[in-house]
Amino acid sequence: MMTRPRSTATLGRRALLALPALAPMRGALAQGSRTLELIVPYPPGGGNDTGARALAPLLERELGIPVVVQNRPGAGSQIGMAQVARARPDGLTIAYGLWPQTTTLYLDPSRQAGFTRESFTPLALHATDPGAIVVRADSPLRSLADMIAAARSRRDDFRMSDNGVLGHEHLASIRLQRLAGVAFNQVHFNGAGPALTALLGGQTEAAIFAVGTASAQMRQGAMRAIAVLAPQESPFLPGVPTARAQGYDIVAGSTRAFVGPAGMPPEVQARLAGALERAIRTPEHEERMRQLSIPITYLGPEGFAAYWAQEERELRPLIEELARAGQTQ
């Protein structure tokens, strides 16, 4: 494939640099591709996009090839995840997806997602970010009791936004409505970025976001959290009580993880998984994630696969129930 002679020294140096990181990917390299495409199936500005871009330079360093983050939003992440499921399993296309969103997409028969858990190769679970119920800084709502009272007085017209149908935010909202005996006017958005814009612009009155997603706006004083959807208070939101402490036993959050297409050769999976683990565990990445208020909860391929299978078992009855009731649209 070379068009002109090169010195033996130059070729030797390049071979030594490329071999440790790229040996398992020879098939792809033979076709001239030397870039890893990291698909984020959400718009820019949300927690997944931020997390992917925080890790990409470190992953690039570990692999020795460029890592390009590509946003492929649409249909609650279905478009981007389907793209990865259809990709060649050569180790040069992976996704940074969101769970339970990925699982609920294919469990909902009305979505016709075009993929299942078996359509992917698990690589690494990166972080699990607990949810929080937030309002604008100037909102009169100071607690879940205030919010439930407002929703009850508004007769199904209290506007609660989420990042997409059947994401952890939507499922947490459904559970809260059932526990409190109220009904929100649930407004679905295609990712956290648009949902944040809607809340700050007054189009919705409350929202559920992962703590890391909303932390920047809260630090700037634009939003307030009134409840954390975790077993304990978040160290990133000191003084904000849990929903459980306010009488509503709801635990929810966004799990972010890396997958490739099914059929990836074991040596390619191992190379990518190893590079991801090393990148995730670097002190500089741990510090960056702390700054983003996103806790790292790393699991390797086997641990992530077990987590995913268990999540699927737990969610299947609920999604089937919601689908029968027409609440998955």
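Numbered per mature numbering (1 follows the signal peptide of the UniProt record, and there is no 0), the sequence shown spans residues -30 to -1, 1 to 299.
Glycine included, C-beta positions come from ideal geometry on N, C-alpha and C.
Treat the numbers as computed from the prediction; the structure is a model and nothing was measured.
#1: Do A57 and G84 have their beta-carbon atoms positioned less than 8 angstroms apart in this structure?
#2: What are the partner residues of I266, as DSSP defines its beta bridges?
#3: Answer yes or no: do E32 and A232 have a C-beta to C-beta separation smaller than 8 angstroms?
#4: May I ask which residues mark the beginning and end of the beta strand (DSSP E) holding I35?
#5: Take D108 as the anchor and find which of T174, A192, R122, T73 has the nearest alpha-carbon.
#6: Tell me the DSSP secondary structure of V152 in three-state form.
#7: Assuming contact is defined by CB atoms lying nearer than 8 angstroms, are M161 and N133 in contact in what I supplied?
#8: Where do the N-terminal and C-terminal ends of the alpha helix (DSSP H) with P11 fall, by residue?
#9: Using 10 angstroms around the beta-carbon of G284, count the other beta-carbons present and answer buried if the total reaches 16, otherwise exposed.
#10: I need the DSSP call for residue 312, collapsed to helix, strand or coil.
#11: Just to confirm my understanding: we take V135, look at its own chain, exclude 5 residues before and 5 after, and list those with CB closer than 6 angstroms. What are they?
#12: Taking only runs that begin and end inside the region 81 to 131, name each unbroken beta strand (DSSP E) of 3 or more residues, in chain order.
#13: Below 8 angstroms on the Cβ atoms is my guess for A197 versus P211; work out the distance and round it to an integer in Å.
#14: Starting from R194, trace the alpha helix (DSSP H) both ways and give me its first and last residue.
#15: Buried or exposed: V229, going by 16 or more other Cβ atoms within 10 Å of its Cβ?
#16: May I have the straight-line CA-CA distance separating A153 from R251, to the nearest angstrom?
#17: DSSP state of N41, grouped into three classes?
Quick look at the numbers:
#1: In this structure, A57 does not lie closer than 8 angstroms to G84 by Cβ.
#2: In the DSSP output, where bridge partners are listed per residue, I266 has A97.
#3: Taking 8 angstroms as the Cβ cut-off, E32 and A232 do not qualify as a contacting pair.
#4: Here I35 belongs to no beta strand (DSSP E), and DSSP marks it neither H nor E.
#5: Nearest option by C-alpha distance: A192.
#6: In the three-state reduction of the DSSP assignment, V152 falls in the coil class.
#7: The sequence given here has Gly at residue 161, not Met. With respect to the 8 angstroms criterion, G161 and N133 are classified as neighbours on the basis of their beta carbons.
#8: Looking at the DSSP string, P11 is not in any alpha helix (DSSP H), and its letter there is neither H nor E.
#9: A quick correction: the sequence has Glu, not Gly, at residue 284. Here E284 is exposed: its Cβ has fewer than 16 other Cβ atoms, across all protein chains shown, within 10 Å.
#10: One cannot answer for residue 312 here, as it falls past the ends of the chain, which runs -30 to 299.
#11: Only G46, H158 meet the Cβ criterion.
#12: Restricting attention to beta strand (DSSP E) runs no shorter than 3 residues, the region 81 to 131 encloses them at 90 to 106, ordered along the chain.
#13: Yes, A197 and P211 are in contact; Cβ-Cβ is about 6 angstroms, under 8 angstroms.
#14: No alpha helix (DSSP H) contains R194, which is instead part of the beta strand (DSSP E) from 193 to 199.
#15: Buried is the call here.
#16: Roughly 43 angstroms separates the two Cα atoms.
#17: DSSP places N41 in strand when its eight states are reduced to three.
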